[in-house]
Structures are given as C-alpha cells and as structure tokens.
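From first to last, the protein sequence lines are chains A and B. Mapped onto this note's numbering, the consecutive letters of the first sequence carry residue numbers 268 to 657. Mapped onto this note's numbering, the consecutive letters of the second sequence carry residue numbers 3 to 368. Each residue gets a CB set at the ideal place from its N, CA and C atoms; glycine is no exception. Just so you know, these numbers come straight off a predicted model, no measurement behind them.
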Amino acid sequence: MGNAAAQKVPFWLDPKKRGIVFQIGTVCMVGLLAYYLISNVLINLEKQSIATGWGFLTKESSFEVGESLISYSSADTYARALLVGALNTLKVSFIGIVITVILGTVVGIARLSTNWLVSRLAKGYIEVMQDIPVLLQLFFWYAVFYETFPSPRQALNPITGVFLCNRGVAFAVPAAHPAHAYMLAALVVGLVLAFFLRRWAKKRQDRTGQSFPVFRVSAGMVVGFPLLAWLAFGAPTAMDVPKLVGFNFTGGLTLSPEFFALLMGLVLYTGAFVAEVVRAGIQSVSRGQQEAAMSIGLRPSQVLNLVILPQALRVIIPPLTSQMLNLTKNSSLAVAIGFPDFVSVANTTINQTGQSIEGVALIMAVYLFFSLSTSAFMNWYNKRVKLVER
Amino acid sequence: MEQTSADITASDDIRPPVASIGVIGWVRANLFDGWFNSLLTLATLYALWVVVPPIVRWVIIDAVWNTTGAECRDAAGACWSIIATNFRFILFGFYPYDQQWRPLVAMLLLFGLLYYSQDRKHWTKMLGYGWVAGLVAMGLLMRGGLLGLSSVETTKWGGLPLTLLLSVFGLTAAYPLGVILALGRQSRLPIIKWLCVVYIELIRGVPLISLLFMGSIIFPLFLPEGITINKILRAQVAIILFTAAYIAEVVRGGLQGMSRGQYEAAESLGLNYYLTMRLIILPQALKIVIPPTVSILISAFKDTSLVVIIALWDLLKTSQAVLSNPEWMGFSREAYIFIAILYFLGCFSMSNYSRRLERELDRDRP
C-alpha cells in the first residue's frame, strides 16, 4: 500500500525531492551571484591596476601611530602597525569592560534602591544614555577635552597628582621600585593558594560537614602577601608625579584625549545597558528564594553567595556578554575621533595601499574572531551553569 | 457578622499618625528610611547641589540665544545662537534653500503616519497601502523631477531628512529580508539553514562601520563597468544588510516561541509550508516580537549616525560643518547637545511606545 502510494507521487510533489531540488537551485544562484561579483571585481581591479594579495603586509608602513603598547615606528611593516591597532582595540575594550561592569552594577542596584531620589537618578541616567547615539557621545567628550580644558600650562588640578588639560589626563603613579615585582609575585602566590584552599575546604565540607571561612582567609592572603612584600622592601612611597616641561607633561601616566574620550563615551553608553541587565537579573530571583534560604538558617552572606547570585547570574551573564561584545564592536568608532584602534589603522592602510578588499576583510576577520571566541566561551559557560532539571 | 463589619468601619475612622501619611510620610518612607538611606539621600542632595546650579547657570541664565559668533565668545554661558543662526543648515544640509519646504513636508508626512500607526485599532491593510503611498510620496518630494517639482540630486540631501530616510527605508527593506532569514534558519533543509546561519552570525559579529566601509569602498568594485550607485544608496544597502541580521534573530525568537501544536494543527489541515507560515505561524510569531522589533528600530535610528564616518551629510556632519566655520569654532558642546536632544526625543518616544505596546499585548494574552 505504502509502496503503491509512493510510486504515484510525482517528484515535484514529494517534499524530500522538492527540498533537494530547491537547495540545489539556491546553491546554484548563490554560486552564480558570487561568480558574477568576483569576476566584476577582478575586471575592475585589473583596470585600476591594483594587485591583490597580502604582500603589502610586509612593506614599510611609513606612517606614525599615536599610541602603542609595543615599540613601533614608521619604519616598521604594515603588519606590525595593524598589530599595534589590534592591541589598542583590546586595551580600550578590556579597560572599558571592567569599568562598565562596575558602573552598570552600581547603577543597576541603585535603580532598585528603595531610596526614591537614588532610583530616579539612576533611571534618568539609563534613559538619557541609552537614547543618545554612542558616536555623538564620543564627539561630545572629545570636544569637551579640546574646547573646555585649558592648555597644559594652566592645567586643572582637581585632586593632588591628577592634571586635566587639552593634551590629556596625567596621573601620578608609584615610582618604579624593585619591590613592585615581588609584590606582583606575592599576589600570584596568594591567588594560587586561595584557589587550592577553596578546593580543600569544599572537599573537607563534603566529607565532614565542617565549614571553613574561605573568603576571609583568601582575601587576607591576596591582600596580605603583597603588603608583606611591600613592607619587607622598606615600604617605598615615592610617587612619579607628572611635571610640566615645556609645553607638555612628562613623568607619571598620561592618557591621551582620544583614549579618554573613547573610554568615557563607551563606558557611559554601555553602562546604561548593563545597568538594565543587572536590574532584570536581580528582579528575576523571586523573594521567596531569599526567605526560604533564610528560614533554613543560612547566614546573609551565604544567602547571597549560595542562593541569590547563582540564580541571578544565570539570567545576567548571556545579555552581559552581548553588551561586552557591543562595547568591543563600538570601540571601532575610535576611527571618528582619531584614536588608533584596529579599524583606524586598517583604514589608513587602505588609503595608502589601495588594498581595500584585504583591509575590510581583515577588519571583519579580527572582529569575527573576537565575537566567535567570546560566544564559544559563553556557550561552554552556559552549559556549565545550566539549570539541571529533574 | 454584623458586629465585625461595624468593628472594621469603627477602626477605619481612626486616622493613621501624621508621620506616616501625606508629604511627611512619603518623605520618611522613600528618603529617610533607616540611617543608610538617610545618609544616601543627604549625600545625593549635596552632590546635586554642587553639580546642578552651575549647569543651570551655563544652560539658561548666562546663555545667549540670538547673537553673532563674536558676541558669543564674551558670554559666560552656552551659546545657543549657533543653533538659532544655522538651524536650517543643520536640519536640511545643502538642500536648495528655497526648496526646503519639500523635505519638511516629507518629514511631517512621516511623523503623521507614525503618529496614526500608534493605535493598534488602525492596523489594517489600508494602513499598509497608506505607508507605501506615503513612502513613495516622500521619495518624490525629496527627489523631485515630477509634477513641476525641480529635481534635486541626492548628493545635496542631508540633515535630519537623511537620517530619517536611512532609518525608515532601512527598516522597511530589512524587515522582509530578516523574516526570510529567520525562516531559513529554522528550515529543515540543511543547505538553506547553513547559509542563513553563516550570514546572520557573520553580520552580527562585525561592527556596522566595517559594512559601511564595504559599501563605500568595495561595493563599487562589485558592479560591472559603467554602472555607479550613489553614496546614499550604498550606505542604505549596508544598513539594510546589517539590520536584517538583527531582525532575523528577533523573529527567530518569536518562531521558537510557537508551540509545536500550531505546526501540527496546520499540517493536519493540509496546509503546505507557505500557507502554514503565512496564515498560522508568522501572524502569531511576529505579534510576539513587536516590542523587540521597536528596539531594533531605535538602534537603527541611532546607528544611522555612523554614516558621518563615510562622509554623508547627516545631522552630525551638518553640525560639524557649521563648527568648522571660524565664526562658530569652539561651540561644539552646544551643537552636540542640540543633536543629542533631537535623537533623545526620537528614541525616548519610541521606547515609551514600545513599553506601552508591551503592556497592551500582555493584556491581550489569554
């Protein structure tokens, strides 16, 4: 019976066969379109006598880059210039993400405060910042630096050791001292010990039921070890204060106006979105959870760490990640205010060499790499914290 | 029984203490409830006291409103004259001065249509045709060349009409594309699904600026010799391709929210794939995702500001052109604040609308 019916159905009415035909048709159309576009590109490139390929990467770049984490001069190759740009993108994204998460958490909690004034202010901040394009905010902060702040000679000095002027922000930093290396080593030792302490305490609690004040002891180690190292080296307190020499500051740490404006715009804009994410996460945990945890005798810190946070984080983490990615992608707007991020350097490279296809492909590849690696990590993390339902 | 109800009325007559009702009660409950909140309130009030008066003085009291640039330099406050003097250039760019009523009428038409479309009672087929007719009329008004209107080259388009044009046409064209991509991603045919997934993830992984670069630098290379497409259209294509990927993800959320029973019921009625989607699935799925779609409209509206980087004359670029005039150099803050207010009004009304709609749709749900 089934056989007879199958034989009667002509192939254009059989969903399986029709699907295969449809797919082959789509592939052919996409292939033809790609062939047409690529052949046009090849013809056009030949006419403009642009050689395709990645050879330009090893040529001398002969342009300067404003700021760089690694040594770079105009005699270096394009590849190194692009690396400088990529590192600058990573720098601004990393610092931006850290500050954004702190700001967003504070504002998100303030939004839920029972204090009317505080919650209204947080709401106003969120509304205003979300509704103004981030590019406009970048232009605004850049303009504030250039038009409002005085020249280095009359630099504003709001707090001791901090100078604001139209050449950027200059900070005092601790003067270099051999103790710093040992303090860093002590910090690492403290972190490693805290990690093993946590594992040991969890095992012991599983075995015997005795709990151990892990947080207090590990906090003591992480803060205490570097402090001990600092004291052991005679507690050096010398500061490297920026000094006005000629027309600019030397010494200390100077952040350029471009970097500062970019950071400010990105943090204030993304912070508003993160605040909403944090608020939604906290609100998603029902009050009953807290009351139930307290009724079985958990201490307030345990209620927060063992009951509220694990549930809130599960809601917060995925949208938080996408906000972090947004911040990284928006950092590409640096090109508009002249901060040498990856897009900015790639743009200069395109203008100098004419290798537009390779340049834009590089930009896309670098951002895709950031995005895909982050989402791969997030998928792994989500799988780990996923609610295991019975 | 009667006695208890009498008791309740009797106890109702006793008024609560003065300190827990009225203004005093409100202040105590919301601002000075416990030592921590009291401290927080006082600290916030002090911070506001330090920050707000100078800002008010700069924005209003010391500000000048209608002077020349030279007089502005002597003023202690904001120089709003930069807006007053260059208002029409900032709003309309290089559009011929005596023809600027045309973009104005086009914008009013758009605002009228948007306002009328707010109410869900008006969502009929006629409104759809109205939108098509309205968009054509707007294009005609901007472009000219017919009905006695003189023709205006697209290179002269600029300012607010350009910003609105890029976002409205961008979303209108991106929406169907996004729905098709979302359906493709849910498809059972592996090659179709794979193509859509690659497209969506690729576009969502890169910043818009790289697509705009692609539109402005690489797109001309794709075309056969002799054919050129103007800059605005190239940017528009980039915005459409970008927005479509985001719409696809939103619509996919709606499609995944449909229960299997809906598909099975449609199949048991003997509907084919096209009819199932057209009559059963999409009407329900698209309704669920209206609020997130409005959020996409908001971000598309904000993202159009990026075209300034590829040198289109949108609102930001026209105000920067004014700022590069020596007479008005140095008043960037005022100009940017004005543009920010325009964007804020647009986005704020849209997000308010989206919230209202969400509430209404929630109420409709059984």
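**Q.** Listed by chain order, chain A residues near L332 (chain B) by CB distance under 7 Å
**A.** Before going further, note that residue 332 (chain B) is Gly rather than Leu in the sequence given. The CB of G332 (chain B) comes closer than 7 Å to the CB of E414 in chain A, given here in chain order.
(Q) Let me make sure I understand the geometry here. Which of A:L403, A:R471 and A:R420 has the alpha-carbon closest to that of I343 (chain B)? (A) When A:L403, A:R471 and A:R420 are compared, the shortest CA-CA separation from I343 (chain B) is found for A:L403.
Q. CA-CA distance, V25 (chain B) and V385 (chain A)?
A. If you take the alpha carbons of V25 (chain B) and V385 (chain A), they lie about 18 Å apart.
Q) Can the beta-carbon of G180 (chain B) be found less than 7 Å from the beta-carbon of A250 (chain B)? A) Closer than 7 Å, so yes.
**Q.** Delimiting residues of the beta strand (DSSP E) encompassing C432 (chain A)
**A.** Counting along the chain, the beta strand (DSSP E) containing C432 (chain A) begins and ends at V429 to C432.
Q | Cross-chain neighbours of Y634 (chain A) in chain B, by beta carbon under 9 Å | A | Correct list: G207, V208, P209 and S212.
Q: Examine the Cβ distances between the region 382 to 398 of chain A and the region 331 to 349 of chain B and report whether three or more of them are shorter than 8 Å.
A: Result yes; three or more Cβ-Cβ pairs closer than 8 Å.
Q) What are the start and end residues of the beta strand (DSSP E) that includes V436 (chain A)? A) For V436 (chain A), the enclosing beta strand (DSSP E) has its first and last residue at G435 to F438.
Q. In terms of residue numbering, what span does the alpha helix (DSSP H) encompassing F479 (chain A) cover?
A. Where F479 (chain A) is concerned, there is no enclosing alpha helix (DSSP H), given that its DSSP letter is neither H nor E.
Q | Selected residue, minimal CA-CA separation from E227 (chain B), among A:N311, A:P282 and A:Q290 | A | Here the closest residue by C-alpha is A:N311.
Q | Nonlocal neighbours in the same chain, by C-beta distance under 8 Å from I604 (chain A), ignoring five residues either side | A | Counting only residues of its own chain and dropping the five nearest sequence neighbours on each side, I604 (chain A) has a CB closer than 8 Å to the CB of L405, F406, Y409, E525, A528 and L529.
Q.
If we define contact as Cβ-Cβ less than 7 Å, is K596 (chain A) a contact residue for chain B?
A. Chain B, which has a Cβ nearer than 7 Å to the Cβ of K596 (chain A), makes this yes.
**Q.** Same chain only: Cβ atoms within 6 Å of T595 (chain A), ignoring 5 sequence neighbours per side
**A.** Excluding positions up to five away in sequence, the list reads S360 and F637.
Q: Could you tell me whether the region 303 to 310 of chain B touches the region 160 to 178 of chain B, using the rule of 3 or more Cβ pairs below 8 Å?
A: Touching, per the Cβ criterion.
Q: Along the beta strand (DSSP E) that carries T517 (chain A), what are the first and last residues, could you check?
A: Boundaries of the beta strand (DSSP E) harbouring T517 (chain A): N515 to T517, taken from the DSSP string.
Q. What number of angstroms, rounded off, separates the C-alpha of T367 (chain A) from the C-alpha of S301 (chain B)?
A. Between T367 (chain A) and S301 (chain B), the C-alpha separation is close to 20 Å.
Q. By how many angstroms is the C-alpha of A442 (chain A) removed from the C-alpha of W50 (chain B)?
A. Per the sequence shown, residue 50 (chain B) should be read as Leu rather than Trp. When rounded, the distance between both Cα atoms is 37 Å.
Q) Shorter than 7 Å from the beta carbon of N39 (chain B) to some beta carbon of chain C? A) Absent from the structure: chain C. Protein chains present are A and B.
Q. Can you find a C-beta in chain A that's less than 7 Å from the C-beta of I193 (chain B)?
A. With 7 Å as the cut-off, I193 (chain B) counts as an interface residue toward chain A.
Q. So what's P56 (chain B) in DSSP terms, helix, strand or just coil?
A. Reduced to three states, the DSSP call for P56 (chain B) is helix.
Q) Would S356 (chain B) count as contacting chain A if we go by Cβ distances under 7 Å? A) Not an interface residue.
Q. Alpha helix (DSSP H) containing V351 (chain A): first to last residue?
A. Run containing V351 (chain A): Y345 to R378, per the alpha helix (DSSP H) assignment.
**Q.** Which listed residue (B:Q286, B:L325 and B:P222) has its alpha carbon closest to that of M260 (chain B)
**A.** Residue B:Q286 is the option with its Cα nearest to M260 (chain B).
**Q.** Local conformation of E331 (chain A) per DSSP, three classes
**A.** Coil at E331 (chain A), not helix or strand.
Q. Ordered along the chain, which non-local residues of its own chain (more than five positions away) have a Cβ less than 7 Å from that of D281 (chain A)?
A. In its chain, beyond the 5 residues on either side, no residue has a beta carbon closer than 7 Å to the beta carbon of D281 (chain A).
Q. In three-state terms, what does DSSP make of P400 (chain A)?
A. P400 (chain A) sits in coil when the DSSP states are folded into three classes, being neither helix nor strand.
Q) With 16 other CB atoms within 10 Å as the buried threshold, where does C295 (chain A) fall? A) By the 10 Å Cβ count, C295 (chain A) comes out exposed.
(Q) When you compare the CB positions of V574 (chain A) and Q550 (chain A), do they come within less than 7 Å of one another, or not? (A) Going by C-beta atoms, V574 (chain A) is not nearer than 7 Å to Q550 (chain A).
Q: Taking T325 (chain A) and T344 (chain A) to be in contact with their CB atoms under 8 Å, please state how far apart those CB atoms are, rounded to whole angstroms.
A: Right, their Cβ atoms sit about 5 Å apart.
Q.
Only counting the same chain, and skipping five residues up and downstream in sequence, which positions put a Cβ closer than 6 Å to that of A8 (chain B)?
A. Because the pLDDT at A8 (chain B) is just 49, under 50, the model does not fix this residue reliably, and the value given afterwards should be weighed accordingly. Within the same chain, A8 (chain B) has no close Cβ partners at all.
**Q.** Residues that M209 (chain A) bridges to, as DSSP identifies them
**A.** In the structure as shown, chain A begins at 268 and stops at 657. Residue 209 (chain A) is therefore absent and cannot be evaluated.
Q) Which residues in the same chain as S335 (chain A) place their Cβ atom closer than 6 Å to its Cβ, once the five residues preceding and following it in sequence are excluded? A) V351.
Q) Considering only residues of the same chain and omitting the five flanking positions on each side of S691 (chain A), which have a CB-CB separation below 7 Å? A) Because chain A here runs from 268 to 657, residue 691 (chain A) falls outside it and cannot be looked at.
Q) Since L168 (chain B) is in the alpha helix (DSSP H), which residue starts that stretch and which ends it? A) Judged by DSSP secondary structure, L168 (chain B) falls within the alpha helix (DSSP H) whose first and last residues are G161 to R187.
Q) Where does D100 (chain B) fall in DSSP's three states? A) Assignment of D100 (chain B) by DSSP, reduced to helix, strand and coil, places it in the helix class.
Q: Apply the 10 Å Cβ neighbour rule to S83 (chain B) and answer buried if 16 or more other Cβ atoms are within range, or exposed otherwise.
A: It counts as buried.
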